[in-house]
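S.K.:
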Amino acid sequence: MDVEILARIQFAFTVAFHYIYPPLSIGLGLVMVFMEGQYLRTKDKTYEVLAKFWTKIFALTFGIGVATGIVMEFEFGTNWATYSRFVGDIFGSALAAEGIFAFALESGFLGVLLFGWNRVSSRVHFISTVGVWLGSMFSAIWIVVANSWQQTPAGYQIVGEGVNARAEVTDFWAMVFNPSSVERILHVWIGAFLAGAFLIISVHAYYLLKGRHVELSKKAIKIALGIALISSLAQLVTGHASAEVVAEHQPAKLAAMEGHFEENAPADLYLFGWVDKEAKEVTGLAIPGGTSFLTHQDFNEPIRGLDSFPQDEIPTQINAVFQFYHIMIAIGMGLIGLTILAAFYWWKGTLFDQKWLLKILVISVLLPQIANQVGWFTAEMGRQPWVVYGLLKTSNALSEVVTANQVLFSLILFFVIYALLFTLFIYLLNKKIKHGPDESPLKDQRPRQREVSNAFSN
Amino acid sequence: MGTFIGIEYSTWWFLIVGALFSGYAILDGFDLGAGAWHLFLKKEESRRIALNAIGPVWDGNEVWLVIGGGALFAGFPVVYANMFSAMYIPFMLFLAALIFRAVAIEFRSKEEMAWWRTMWDVSYSVSSILLALLLGIVLGNILIGIPLDENKQFTGHWLSFLNPYAIMVGVTTLAAFMMHGAIYLGLKTKGKLYAQIYQFLKRAIIFFVVSFIIVTVYTLIYIPHLTDKIQNNRWMFVIPVIAFLAIANIPRLATKKKFLQAFLFSSLTLAMLLVIVALELYPTIIYNTADPAHHITVSNAASSSKSLKIMLIMAAIGIPLIATYTYFVYKTFWGKVELDEHSY
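Just so you know, the sequences run in chain order A and B. One point on numbering: in the UniProt record's numbering, the residue at position 298 of the first sequence is 298, and numbering is uninterrupted. One point on numbering: in the UniProt record's numbering, the residue at position 107 of the second sequence is 107, and numbering is uninterrupted.
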């Protein structure tokens, strides 16, 4: 295999693995902020017990997120040297801003969040939790800004040529607020809220089914379900807004997402399907002209198809882009249905009696994770063959001095380490869940109740 | 290139990157050093105390590396791209060790079994040692220089990072961190463990002084580009003199059990050694051994004036913020380690 494909596999593998964790940290962080906020407001110890329990799981996801994130930063330099020189002037300032404004905030307060329970007041602890959560949110902003610039470059000029060509900032704010930044940041944030909220829903639904930590779990599910309901509906809006940006600025990506080949015809909207790239047709169920309608509010408005682009400027893996995109949409719709249904039973007061629904909620933790992954695969594979859209091709972005054998070595290294890491993560997560929250602080009040009931039974 | 108080933005950024890596060496230096000593502690409780001494801060310390790397990428993309791709294997091993170390710290306390704890103790300590060595090896290659072609691309063999000089710098870095880490552990422990750490510190000082002398003598004799600037500018002698005084102060303060002052002087030592490196290299960043007329320098590797200006503003806002959080965290966890139910 050649260096390009190995380097791409390595980057895709390491970034996909990394992306399991930061969304969980952002989402869990949000729910923890609510839990601690509720504790400060109501002085109900249950919320503090919940916050302490989820802090332990947060520590696990955060730790792996940091460790696997440094890998991403270094890989730009080690594997994608030409890319790094090309985008350094622009991307560098986003990464520097992330480090200075986000990571420092996050990691500064993390020590207090994890180890400071007995050392600072609950108010200072709450502020630390908010600090860590905000840090993770800021971090997402800068990383998505950098990636969005690669999708829709703005505020730059090209200086130099060949391996020494580079994009220089001409307008910082135009670079930061490039055409796709805002929509994509919101989409990523909300995807992260869903990942965190559904982990909490899943774990506490499991406790309810087992009859453990019942009161605690009801409170946790209510907080997380509220967040999940709003998020799943909002995700439809940000998703649509992101797709409109793709339609305007990355027409070849949109055409690949919907398997639309014809040069200038109305584009259908597939619910599902299979793309035959050779025959240039899609077999599946579609709303005729649906994509044209969503983009132009007109079923007959033509949309540029893949045939209208130079054939070396369209994605090679069209079916993959199509499938990833449609899996994401299907899951998004499924999450809306699921959260509305759960909210309906909550409103009726019978949510916690619906065993079948609780069972679905237990396994639903996988859905936002899959949607987040395939969403990124759509965005990144749909951008190919470009690494910076319209400016730099992926095949020209590599490190010239790194050989295929070196990349193969590091790819195997990461594969082994991450397999081990993932096994340990699942093992420890499972163990923490089985162990459950430590309810002993709540028992201060209970002996009295037990005495009362004992008095009655005697 | 724009200027601020008469100094070009690119030079300011050189100073900032240097300051960030010095901050990293001082902060992560003590927790890597503490990790290097870990297997020398035999008792479970001692190991837990040592681990919890760095528990609340190691992650924040590592962030300095992330920020330093980001600052290098942002300010000198050519250095970042060409150096990282030239040092592919050491950087990949570095990343692997970094992951093993983070995971070991996180996972060690999660099970009671002896084999589990031993496995993570070994993983933690070996990866701490490896990280210190690899940092030093990369630094050694920057000091001695690497061969580059006309496009400033690396032309050497992929194994050439393992040259004797780089290995010596690697060993010296490990020794400096072990000394620094032992002082930090001395600050955080008491009783028998404290007495044991004090013995470690004495050995670490000897290890550091011996390896430092070997590297210095070798550098003075064989690497003129690392010594000529100070030799030609008499006033600059003040910096190595401060460094030597700082080093000499460490054993003096350690015998008096003044660990806080000793820690400040070992921090000063690390900073001064990096100042000497920066002073000797500037304006070169990567010395080209194949063609001494074409180095990678502060001016030919820097980002645009505009980009550097934006980032200098960010740094001016951000660095005081970072200092504030860092102060807050260290203040919260100040004093000897007390294990509680939230400890590792």
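All C-beta atoms, glycine included, are put in the ideal place defined by N, C-alpha and C.
Mind pulling the chain A residues with CB within less than 7 Å of A102 (chain B)?
M.R.: On the second sequence, position 102 is the one that residue 102 (chain B) refers to. Simply G63, V66, A67.
S.K.: Please classify E45 (chain B) as buried or exposed, where buried requires at least 16 other C-beta atoms within 10 Å of its C-beta.
M.R.: Residue 45 (chain B) sits at position 45 when you count from the first residue of the second sequence. Classification for E45 (chain B): exposed.
S.K.: Closest Cβ-Cβ distance between V17 (chain B) and chain A: below 8 Å?
M.R.: Locating residue 17 (chain B) in the second sequence gives position 17, where the first residue counts as 1. So, not an interface residue.
S.K.: Exposed or buried, which one is residue 462 (chain A) when buried takes at least 16 other CB atoms within 10 Å?
M.R.: The question about residue 462 (chain A) has no answer here: the residues shown for chain A are numbered 1 through 458.
S.K.: Using DSSP with H/G/I as helix, E/B as strand and the rest coil, what is Y240 (chain B)?
M.R.: For this step, residue 240 (chain B) is matched to residue 240 along the second sequence. Just to set this straight, residue 240 (chain B) is Pro in the shown sequence, not Tyr. In the structure shown, P240 (chain B) sits in a helix (DSSP, three-state: H, G or I).
S.K.: Can you list the beta strand (DSSP E) stretches of 3 or more residues lying completely in the segment 157-244 of chain A, in chain order?
M.R.: The segment 157-244 of chain A contains these whole beta strand (DSSP E) runs: 166-169.
S.K.: Can you pull the chain A neighbours of residue 390 (chain B), defined as C-beta to C-beta under 8 Å?
M.R.: Outside the displayed span of chain B (1 to 344) sits residue 390 (chain B), for which this structure offers no information.
S.K.: Suppose you measure from the CA of W64 (chain B) to the CA of I190 (chain A); what does that come to, to the nearest Å?
M.R.: In the second sequence, the residue the question calls residue 64 (chain B) occupies position 64. In the first sequence, the residue the question calls residue 190 (chain A) occupies position 190. One C-alpha to the other measures close to 29 Å.
S.K.: Do A286 (chain A) and D268 (chain A) have their C-beta atoms within less than 8 Å of each other?
M.R.: Sequence index remark: in the first sequence, residue 286 (chain A) carries index 286 (1-based). Sequence index remark: in the first sequence, residue 268 (chain A) carries index 268 (1-based). In this structure, D268 (chain A) lies closer than 8 Å to A286 (chain A) by Cβ.
S.K.: Expressed to the nearest angstrom, what Euclidean distance is found between the alpha-carbon atoms of G111 (chain A) and P56 (chain B)?
M.R.: Counting from one through the first sequence, the residue named residue 111 (chain A) turns up at place 111. Counting from one through the second sequence, the residue named residue 56 (chain B) turns up at place 56. Straight-line Cα distance between these residues: approximately 4 Å.
S.K.: Within 10 angstroms of its Cβ, does W376 (chain A) collect 16 or more other Cβ (buried), or is it exposed?
M.R.: Taking the first sequence and counting its residues from 1, the one referred to as residue 376 (chain A) is at position 376. Per the 10 Å Cβ criterion, buried.
S.K.: Determine the DSSP secondary structure at P441 (chain A), reduced to helix, strand or coil.
M.R.: Numbered from 1 along the first sequence, position 441 holds the residue referred to as residue 441 (chain A). P441 (chain A) falls in the helix class under three-state DSSP.
S.K.: Taking CB distances under 8 Å as the criterion, tell me whether T189 (chain B) reaches chain A.
M.R.: Mapped onto the second sequence, residue 189 (chain B) falls at position 189. By this cut-off, T189 (chain B) is not an interface position.
S.K.: Just the Cα atoms here: how many angstroms apart are L208 (chain A) and M72 (chain A)?
M.R.: Walking along the first sequence from the start, residue 208 (chain A) turns up at place 208. Walking along the first sequence from the start, residue 72 (chain A) turns up at place 72. Looking at the two C-alpha atoms, the distance is approximately 39 Å.
S.K.: Under 9 Å between beta-carbons, which chain A residues line up against N151 (chain B)? List them in chain order, please.
M.R.: Here residue 151 (chain B) refers to the residue found at position 151 of the second sequence. Result: G162, V163, N164, E400.
S.K.: Assign L339 (chain B) to buried or exposed, taking buried as 16 or more other Cβ atoms, counted over all protein chains shown, within 10 Å of its Cβ.
M.R.: As a working mapping, residue 339 (chain B) is identified with position 339 in the second sequence. When all chains shown are included, L339 (chain B) counts as exposed.
S.K.: With DSSP as the reference, label R450 (chain A) as helix, strand or coil.
M.R.: Here residue 450 (chain A) refers to the residue found at position 450 when the first sequence is read from its first residue. The pLDDT assigned to R450 (chain A) is 47, lower than 50, so where the model puts this residue is not dependable; a value taken from the coordinates is nonetheless given after this. In the structure shown, R450 (chain A) sits in a helix (DSSP, three-state: H, G or I).
S.K.: How would you list, in chain order, the residues of chain B whose beta-carbon sits under 9 Å from the beta-carbon of Q150 (chain A)?
M.R.: As a first step, residue 150 (chain A) must be located in the first sequence, where it is residue number 150. Those within 9 Å of Q150 (chain A) in chain B number zero; the least Cβ separation is about 15 Å.
S.K.: Using CA coordinates, which residue listed in B:I247, B:I285, B:L51 is at the minimum distance from L226 (chain B)?
M.R.: As a first step, residue 226 (chain B) must be located in the second sequence, where it is residue number 226. Measuring from the Cα of L226 (chain B), the nearest candidate turns out to be B:I285.
S.K.: Could you tell me which whole alpha helix (DSSP H) segments of length 4 or greater appear in the segment 307-336 of chain B?
M.R.: Taking only runs of at least 4 residues, no alpha helix (DSSP H) segment lies wholly in the segment 307-336 of chain B.
S.K.: In whole angstroms, what separates the C-alpha of T291 (chain A) from that of I185 (chain A)?
M.R.: In the first sequence, residue 291 (chain A) corresponds to position 291, counting from 1. In the first sequence, residue 185 (chain A) corresponds to position 185, counting from 1. Approximately 23 Å, taken between the alpha carbons.
S.K.: The beta strand (DSSP E) spanning E281 (chain A) covers which residue range?
M.R.: As a working mapping, residue 281 (chain A) is identified with position 281 in the first sequence. Here the beta strand (DSSP E) through E281 (chain A) covers 281-287.
S.K.: How many Å lie between Y47 (chain A) and F193 (chain A) at the Cα?
M.R.: Residue 47 (chain A) sits at position 47 when you count from the first residue of the first sequence. Residue 193 (chain A) sits at position 193 when you count from the first residue of the first sequence. About 19 Å.
S.K.: Locate the alpha helix (DSSP H) running through D31 (chain B), then write down its first and last residues.
M.R.: As a first step, residue 31 (chain B) is located in the second sequence; it is residue number 31 there, counting from the start. Note, D31 (chain B): alpha helix (DSSP H), 9-37.
S.K.: State yes or no: is the beta carbon of L339 (chain B) nearer than 8 Å to at least one beta carbon in chain A?
M.R.: Mapped onto the second sequence, residue 339 (chain B) falls at position 339. Closer than 8 Å: no.
S.K.: Considering only the alpha carbon of each residue, which of A:V282, A:G63, A:E400 lies closest to F103 (chain A)?
M.R.: One-based indexing of the first sequence puts residue 103 (chain A) at position 103. The residue with the shortest Cα to Cα distance from F103 (chain A) is A:G63.
S.K.: Just how far apart, CA to CA, sit N82 (chain B) and H157 (chain B)?
M.R.: Start at 1 with the first residue of the second sequence, and residue 82 (chain B) comes out as number 82. Start at 1 with the first residue of the second sequence, and residue 157 (chain B) comes out as number 157. One C-alpha to the other measures close to 14 Å.
S.K.: Going along chain B in order, which residues have a C-beta closer than 8 Å to the C-beta of A81 (chain A)?
M.R.: Indexing the first sequence from 1 puts residue 81 (chain A) at position 81. Here the neighbours are A81, N82, F84, S85.
S.K.: For V215 (chain B), which of helix, strand or coil comes out of DSSP?
M.R.: Along the second sequence, read from residue 1 onward, the residue named residue 215 (chain B) stands at position 215. Of the three classes helix, strand and coil, the one that applies to V215 (chain B) here is helix, per DSSP.
S.K.: With V66 (chain B) as the anchor, note down where its alpha helix (DSSP H) starts and where it stops.
M.R.: By 1-based counting over the second sequence, the position of residue 66 (chain B) is 66. 58-75 is the extent of the alpha helix (DSSP H) around V66 (chain B).
S.K.: At least one CB of chain B closer than 8 Å to the CB of I426 (chain A): is that the case?
M.R.: For the purposes of this step, residue 426 (chain A) is identified with residue 426 of the first sequence, where counting begins at 1. Output row for I426 (chain A): interface = no.
S.K.: Please classify residue 473 (chain A) as buried or exposed, where buried requires at least 16 other C-beta atoms within 10 Å of its C-beta.
M.R.: Residue coverage of chain A in this structure runs from 1 to 458, which leaves residue 473 (chain A) outside it and unanswerable.
S.K.: Is T297 (chain B) close to chain A, meaning its C-beta is less than 8 Å from at least one C-beta of that chain?
M.R.: Reading the second sequence from its first residue, position 297 is the one you call residue 297 (chain B). No, its Cβ sits nowhere closer than 8 Å to a Cβ of chain A.
S.K.: Got a sec, what are the start and stop residues for the beta strand (DSSP E) I20 (chain A) sits in?
M.R.: As a working note, residue 20 (chain A) is residue 20 in the first sequence. Here I20 (chain A) belongs to no beta strand (DSSP E), and DSSP marks it neither H nor E.
S.K.: Rounded to whole angstroms, what's the CA-CA distance from G191 (chain B) to A278 (chain B)? Just pull it up for me.
M.R.: On the second sequence, position 191 is the one that residue 191 (chain B) refers to. On the second sequence, position 278 is the one that residue 278 (chain B) refers to. Those two C-alpha atoms are separated by around 41 Å.
S.K.: Express the C-alpha separation of E106 (chain A) and K309 (chain B) in angstroms, rounding to a whole number.
M.R.: As a working note, residue 309 (chain B) is residue 309 in the second sequence. As a working note, residue 106 (chain A) is residue 106 in the first sequence. One C-alpha to the other measures close to 25 Å.
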